[in-house]
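In my numbering, the protein residues as written are 289 to 624.
Right, one structure below, let's go through it.
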Ligand code: NAI
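Spelled out as structure tokens, the structure:
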């Protein structure tokens with residue numbers, strides 16, 4: 289079942305999340321998208337407010353709205369609570385992480401004309417969260433790969449390719465070493481691929497894929513990966529087009545979707561008003577398309593592209609000296 293109501297869950301996030309989500313809401317509202325925002329705190333902000341990183345009201349809100357826009361959330365390293373991002377993806381069965389990675393005119397990078405899509409299995413693999421200490425000094429993290437989840441993400445990728453006229457899918461794995469787990473992922477992907485004869489398919493070992501991506505990215509179209517590889521490769525791909533501040537991301541389930549920037553809370557610049565809102569804004573544009581506000585999506589996207597192309601009001605991460613607020617105002621001023 290697809291969303292029908294007028295409410296959207298907004299999780300502003302931690303660190304720069306507050307600054308960028310404020311900017312994005314202002315831009316969306318100026319463009320005419322004024323849903324009922326259900327504001328839900330998660331992560332560090334929720335721990336401060338309610339004592340837990342993922343309060344029940346966040347889950348309840350997404351259960352109601354079936355769609356969320358989310359800023360980055362702080363996850364403690366090597367200690368503390370489980371990642372809220374992982375918990376949300378698992379709870380709502382948001383099994384497909386979708387990251388389109390495209391060059392933007394006005395952003396000076398080594399590569400021009402990049403147009404890649406990274407599709408990542410989002411619910412299992414090494415992120416299943418099954419870890420234990422066997423004896424002091426020896427720990428195990430279990431990598432879970434199932435036929436059902438592998439076939440489901442492959443079908444998502446091939447359906448997407450067929451729907452959008454994409455030409456090729458590269459299945460990325462390490463089945464030379466992890467013969468059972470990655471072998472199963474590869475086998476399931478190939479089995480699904482057979483139903484889509486018009487789409488070219490190949491496979492590539494993940495380490496070689498990383499090298500190929502930085503040397504000859506034009507050979508790739510869609511990359512299909514399991515969880516950990518997808519996480520790493522999607523950031524590498526973001527680097528090809530100018531960095532994490534520019535690339536959108538979506539976590540799709542069958543009847544629910546969470547739209548989020550791919551970057552983190554950027555503690556080095558949080559609170560300084562220097563964060564780039566474009567990644568979250570582009571995620572919001574994908575949300576507008578999903579909610580069938582296509583005309584507003586096009587207007588917001590065009591305004592953002594104009595500001596980037598003109599290079600007068602850019603945040604420092606992409607070579608300017610504007611603040612988040614100034615960039616937000618420039619985008620609003622460019623709305624046609
Ligand atoms: P990060 O993405 O927060 O920062 C990496 C670098 O990119 C920093 O130099 C930062 O200033 C810059 N950067 C990131 N987004 C930017 C933006 N919008 N505008 C300008 N510059 C930007 O990665 P890091 O430092 O590894 O992680 C910090 C925290 O974020 C950790 O707690 C981590 O768990 C969390 N995180 C959360 C994610 C999420 O909620 N989806 C994703 C990645 C990390």
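The beta-carbon is built from N, C-alpha and C at its ideal position, and this holds for glycine as well.
Hey, residue 534 and residue 620: beta-carbon distance below 8 Å or not?
Here residue 534 corresponds to residue number 246 of the chain shown, with the count starting at 1. Here residue 620 corresponds to residue number 332 of the chain shown, with the count starting at 1. Not closer than 8 Å, so no.
For the region 334-349 against the region 573-591, are there 3 or more C-beta pairs whose distance is under 8 Å?
No, they do not touch.
Rounded straight-line distance, which links the Cα of residue 608 to that of residue 433
Translated into positions along the chain shown, residue 433 becomes position 145. Translated into positions along the chain shown, residue 608 becomes position 320. Approximately 44 Å, taken between the alpha carbons.
Pull up the distance between the alpha-carbon of residue 364 and that of residue 483, whole angstroms please.
Within the chain shown, the letter at position 76 stands for residue 364. Within the chain shown, the letter at position 195 stands for residue 483. Looking at the two C-alpha atoms, the distance is approximately 42 Å.
How should residue 393 be labelled, buried or exposed, when 16 other C-beta atoms within 10 angstroms of its C-beta is the threshold for buried?
As a working mapping, residue 393 is identified with position 105 in the chain shown. Exposed, because fewer than 16 other Cβ atoms sit within 10 Å of the Cβ of residue 393.
According to DSSP, is residue 600 helix, strand or coil?
As a first step, residue 600 is located in the chain shown; it is residue number 312 there, counting from the start. Of the three classes helix, strand and coil, the one that applies to residue 600 here is coil, per DSSP.
Can you tell which of 508, 497, 502 and 415 has the C-alpha that lies nearest to the C-alpha of residue 487?
Numbered from 1 along the chain shown, position 199 holds the residue referred to as residue 487. Cα-wise, what sits closest to residue 487 is 508.
Helix, strand or coil for residue 391? Go by DSSP, reduced to three states.
Looking up residue 391 in the chain shown gives position 103. Three-state result, residue 391: coil.
Three-state class that DSSP yields for residue 537 in the structure shown
If you number the chain shown from 1, residue 537 lands on position 249. Residue state, collapsed to three classes: strand.
Which runs of the alpha helix (DSSP H), 4 residues or longer, sit entirely within the region 411-471?
435-452
Let me check one thing: in DSSP terms, what residues is residue 297 bridge-paired to?
Here residue 297 is taken as the residue at index 9 of the chain shown, counted from 1. Under DSSP, the beta-bridge partners assigned to residue 297 are 326 and 356.
Rounded to a whole number of angstroms, what is the C-alpha to C-alpha distance between residue 310 and residue 478?
If you number the chain shown from 1, residue 310 lands on position 22. If you number the chain shown from 1, residue 478 lands on position 190. So the alpha carbons of these two residues sit roughly 43 Å apart.
Tell me which same chain residues have a C-beta within less than 8 Å of the C-beta of residue 422, skipping the five on either side of it?
Residue numbering aside, residue 422 sits at position 134 when the chain shown is read from its first letter. Once the five neighbours on either side are set aside, the close Cβ partners of residue 422 are 428.
In the DSSP assignment, find the unbroken alpha helix (DSSP H) run with residue 566 in it and report its ends.
Counting from 1 along the chain shown, the entry for residue 566 is found at position 278. Residues 566-578.
If I measure Cβ to Cβ from residue 561 and keep anything under 7 Å in the same chain, skipping five residues before and after, which residues do I get?
Counting from one through the chain shown, the residue named residue 561 turns up at place 273. Hits under 7 Å: 307, 611, 612 and 613.
By the 10 Å Cβ neighbour count, where 16 or more other Cβ atoms means buried, how is residue 289 classified, buried or exposed?
Taking the first residue of the chain shown as position 1, residue 289 is located at position 1. With a pLDDT of only 43 at residue 289, under 50, the local geometry of the prediction cannot be trusted, and the value read off the model is given with reservation. Burial call: exposed.
Residue 440 versus 553, 385 and 573, residue with shortest Cα-Cα distance
Along the chain shown, one-based indexing puts residue 440 at 152. Restricting attention to 553, 385 and 573, the CA atom closest to the CA of residue 440 is found in 385.
Assign residue 490 to buried or exposed, taking buried as 16 or more other Cβ atoms, counted over all protein chains shown, within 10 Å of its Cβ.
Along the chain shown, one-based indexing puts residue 490 at 202. With fewer than 16 Cβ atoms within 10 Å of its Cβ, residue 490 is classed as exposed.
For a quick check, are the C-beta atoms of residue 554 and residue 299 less than 8 Å apart?
Counting from one through the chain shown, the residue named residue 554 turns up at place 266. Counting from one through the chain shown, the residue named residue 299 turns up at place 11. No, these two residues do not count as a Cβ contact at 8 Å.
Below 7 Å, is the gap between the Cβ of residue 554 and the nearest heavy atom of ligand 1?
Working through the chain shown from its first residue, we reach residue 554 at position 266. Within the cutoff, so yes.
Counting C-beta neighbours from all protein chains within 10 Å, is the total for residue 358 16 or more, i.e. buried, or is it exposed?
The residue labelled residue 358 in the question sits at position 70 within the chain shown. It counts as buried.
My assumption, with CB atoms under 8 Å, is that residue 564 sits in contact with residue 601. Please give the rounded CB distance.
Sequence index remark: in the chain shown, residue 564 carries index 276 (1-based). Sequence index remark: in the chain shown, residue 601 carries index 313 (1-based). At roughly 11 Å, the Cβ-Cβ gap does not stay under 8 Å, so residue 564 and residue 601 are not in contact.
Beta-carbon proximity of residue 454 to residue 402, cut-off 8 Å:
Indexing the chain shown from 1 puts residue 454 at position 166. Indexing the chain shown from 1 puts residue 402 at position 114. Contact flag unset, no.
Burial state of residue 496, where buried means 16 or more other Cβ atoms lie within 10 Å
As a working note, residue 496 is residue 208 in the chain shown. By the neighbour-count rule (16 or more Cβ atoms within 10 Å), residue 496 is not buried but exposed.
Nearest-angstrom Cβ-Cβ length linking residue 356 and residue 514, presumed shorter than 8 Å
Against the chain shown, residue 356 aligns to sequence position 68. Against the chain shown, residue 514 aligns to sequence position 226. Their Cβ separation, rounded to whole angstroms, is 24 Å, which puts residue 356 and residue 514 out of contact at 8 Å.
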